[in-house]
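Remarks on the structure that follows.
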Amino acid sequence: KNDFKNQVKAISEFDCQKQLSEISSKTMVINGKEDILFPPEESKKSLQMINGAKFSVIENSAHSIFIEEPKAFTDCVLNFLKK
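Just so we're aligned, residue 1293 is where the sequence shown starts under this note's numbering, counting upward by one.
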């Protein structure tokens, strides 16, 4: 119970916004549509700081997209890497 509380606290206090503009690698962020830890709207705002970043939202998933929707996740990653 305390481990989960500590994890949520660490996530809520972590802020890397200032460093995002320093990313120069090809970047894609994949969000689960139902993610409450990192809602898609908030992630999309952050991505505007990364030059050329791609963004994708996976339906029917929350934070563990690769477990909840493995095929959609894999397809998304492979399509990104092919470009």
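Ideal placement from N, C-alpha and C gives every residue a C-beta, glycine not left out.
Determine the extent of the alpha helix (DSSP H) in which Phe1358 is found, giving its start and end residues.
-> 1357-1360
Per DSSP, which residues does Gly1324 bridge with? Please list them.
-> Ile1350.
Taking Cβ positions, are Glu1326 and Ala1354 nearer each other than 8 Å?
-> yes
Compute the Euclidean distance between the alpha carbons of Ile1309 and Ser1338, then round it to the nearest angstrom.
-> Rather than Ile, the amino acid found at residue 1309 in this sequence is Gln. Cα-Cα distance, rounded: 7 Å.
By the 10 Å Cβ neighbour count, where 16 or more other Cβ atoms means buried, how is Gly1344 classified, buried or exposed?
-> That one is exposed.
Straight-line CA distance for Ile1342 to Ala1302?
-> 23 Å
Beta-carbon gap between Ile1357 and Gly1324 smaller than 8 Å = Contact annotation: Ile1357 and Gly1324 have beta-carbon atoms nearer than 8 Å.
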